[in-house]
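Numbering (my numbering), first residue to last: 91 to 207.
Ideal Cβ positions, reconstructed from N, Cα and C, are used throughout, including at glycine.
Values in this document were obtained by computation on a predicted structure and should not be read as measured data.
Report on one structure; see the data block that follows.
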Amino acid sequence: MAFGVFDKITASPSLIWVLPAIGFHIVNMMLGLVLAFQKRTKSGIRLHALLYASVVFCLIFFLVMNQTHGENTIWEYLVGLYFITAIPLSKRCDALVHAFITMVGLTLLPLLIILQF
């Protein structure tokens, strides 16, 4: 059963963009935890921003490809809007609040896959 879902994901031209977004987001969260509780270096902050930009880039490509080959629903747009607005705005709060909001974002990314089935 799990192989069937993975085959459907890799066969879809739009869902294939969600997998790297999940991977980049997990790595970005781990780097954010290191930056929050250990050493905060300029190169670490730059890498953190680059990983965030790559997640947003993957989500934009997902939305474009999904609109081309199917149709986006309001949920896909809301997840994209969450990543564009809620996560950057939460940087102004405490590091743990920002981490919690990004964890919510991590649970929303697999929702994009589930909504396609």
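Contact belief for residue i with residue j at Cβ below 8 Å, rounded distance in angstroms
i	j	result
Leu199	His138	Not really, about 18 Å apart at Cβ, beyond 8 Å.
Phe152	Val108	6 Å
Gly134	Leu121	7 Å
Ile204	Ile99	Actually they are not in contact, since the Cβ atoms of Ile204 and Ile99 sit about 11 Å apart, beyond 8 Å.
Ala111	Val145	5 Å
Nearest candidate by alpha-carbon position, reference residue i, set the options
i	options	result
Ala185	Leu123, Asp97 and Gly94	Leu123
Gly113	Leu201, His188, Leu171 and Leu196	Leu196
Met119	Leu168, Thr192, Phe207 and Gln206	Thr192
Tyr142	Cys183, Gly94, Gly170 and Phe96	Gly170
Ala126	Leu201, Val187 and Phe207	Val187
Leu201	Val154, Pro178 and Thr163	Thr163
Glu161	Asp97, Ala101, Cys183 and Gln206	Gln206
Which of helix, strand or coil DSSP assigns to residue i
i	result
Leu149	helix
Arg130	coil
Leu205	coil
Pro178	helix
Gly160	coil
Ser144	helix
Asp184	coil
Residue range of the unbroken alpha helix (DSSP H) whose run includes residue i
i	result
Glu166	Ile164 to Leu171
Alpha carbon of residue i to alpha carbon of residue j, nearest angstrom
i	j	result
Lys181	Phe173	12 Å
Pro103	His159	8 Å
Leu105	Asn156	8 Å
Trp165	Phe147	18 Å
Val194	Arg130	24 Å
Gln128	Arg136	16 Å
Leu168	Phe190	18 Å
Pro178	Val154	22 Å
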